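One structure is given here, and the rest of the page talks about it.
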Amino acid sequence: MVLVSSAQPANAAAWHKGSPKAFIGTWKTDGYHAYKFTNTKITVYGKGGGTSKAMYKYLGHKKYTVKYKVQGYHYKETFTYVNSHKLKGHGFNLTR
């Protein structure tokens, strides 16, 4: 008996289009809007902000890298998902 499968294994190290499902929504820091994640885009608020298509990579242990391009500049930020109300960035905390 010969079994043939065309299914590809999931690659956790690959870049995925959009935002992680757990991130979708508006996140604040110090009471001000900082980021808004949707299924396909990220909006960055504040000086130099804007909206861009997003891509993410799961790094393991609830840690993600999100990359996007705003106003001609490319960004890569790492976030740790703490719970449904808290994200940790590099040097800052975000809440819903």
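Following numbering that gives the first Met the number 0, the numbering of the sequence shown begins with 0 at its first residue and continues without gaps. Cβ coordinates follow ideal geometry from the N, Cα and C atoms, glycine included. Please read all numbers here as calculations on a predicted model, not as lab measurements.
What did DSSP end up calling residue i once you bin it into helix, strand or coil?
| i | result |
| --- | --- |
| Lys68 | strand |
| Phe22 | helix |
| Tyr44 | coil |
| Gly49 | strand |
I'd like the span of the beta strand (DSSP E) that includes residue i, first residue to last.
| i | result |
| --- | --- |
| Trp14 | From DSSP, Trp14 is part of no beta strand (DSSP E); its letter is neither H nor E. |
Please report how far the alpha carbon of residue i lies from the alpha carbon of residue j, in whole angstroms.
| i | j | result |
| --- | --- | --- |
| Gly49 | Tyr57 | 24 Å |
| Arg95 | His60 | 21 Å |
| Tyr67 | Asn82 | 23 Å |
| Leu86 | Tyr72 | 23 Å |
| Thr79 | Pro19 | 11 Å |
| Lys27 | Tyr55 | 20 Å |
| Lys75 | Thr42 | 14 Å |
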